[in-house]
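Quick notes on the structure that follows.
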C-alpha cells in the first residue's frame, strides 16, 4: 500500500504544490503493463501523477531493487562495467540510472539549500567550520619511493619490507 503522507502534488500551479500531509493526495488506480504502478490524484488541482514522479525511479523500466543495487554499487565505488556484469545489465543502462540519480540528488540538494534560512552569523560559523576542516585534515601522503608493498618498486632485499 502506498503511504500517501509521503507524496505531494507535483503541479507547480497547485496551491498545495510541494506540501506533504495536507490530505489532498488520494489513490486513483494502477497503471503500467501489469497494472503494478500506483497512480495518485491531487484533490486540490485534479492532476493525476505517478507515485514515483518526484523520485529518481520515475520513467525507468527497471525494478526498484535493481535501481537501488545500481546506486549502491556506484556509492561503493564499483565501476559502471563491473556493475553491469554483476547485475546482468547493459553498461549504458547502468550509466543512465547513475546519471539520473545524480541529477535527482543535485535537484534535491539545491532545493534543500535554497530553503535553508540561515542568518549571516550562522553562515559565517558554517563557513569557518568547513574551512577549518580543510586546514586540519591530514595531508595526503604518497608511498611512492618507499619500496614497500604497493609502491610498484621491486624489493632489493628482505629488509625493505
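Residue numbers (UniProt numbering): 1 to 161. Beta carbons are placed, not taken as given, at the ideal position from N, Cα and C, and that holds for glycine. Owing to the predicted nature of the structure, the values given are computational and were not obtained by experimental measurement.
Pick out the complete alpha helix (DSSP H) segments inside the segment 49 to 83, 4 residues or longer, and give them in chain order.
If we require 4 residues or more, the alpha helix (DSSP H) runs fully inside the segment 49 to 83 come out as 64 to 75.
If we ignore side chains and look at the alpha-carbon of each, how far apart do residue 160 and residue 135 end up?
Only weak support exists for where residue 160 lies, its pLDDT of 47 falling under 50; the coordinates are left without a value.
Using beta-carbon positions only, say whether residue 60 and residue 97 come within less than 8 Å of one another.
Contact: yes.
Quick check on this structure: which residue in 123, 138 and 103 has the alpha carbon closest to the alpha carbon of residue 55?
The option with the nearest alpha carbon to residue 55 is 103.
Assuming residue 52 contacts residue 14 (C-beta within less than 8 Å), just tell me the rounded distance between them.
The Cβ separation is near 19 Å, so there is no contact.
Quick check on the DSSP output: the beta strand (DSSP E) that includes residue 42 runs from which residue to which?
Its beta strand (DSSP E) spans residues 37 to 42.
Which stretch, first to last residue, makes up the alpha helix (DSSP H) that contains residue 100?
Taken as a continuous stretch (DSSP letters only), the alpha helix (DSSP H) holding residue 100 covers 91 to 114.
Taking the straight line between their C-alpha atoms, what separation do you get for residue 84 and residue 27?
Residue 84 and residue 27: Cα-Cα distance of roughly 35 Å.
Check residue 30 in the structure and name its three-state DSSP category.
Residue 30: strand per DSSP, three-state reduction.
Which partner residues of residue 9 appear in the DSSP bridge assignment?
Answer by DSSP bridge pairing, in chain order: 17.
If you count every other CB in all the chains shown that lies within 10 Å of the CB of residue 42, and 16 or more means buried, which is it?
By the neighbour-count rule (16 or more Cβ atoms within 10 Å), residue 42 is buried.
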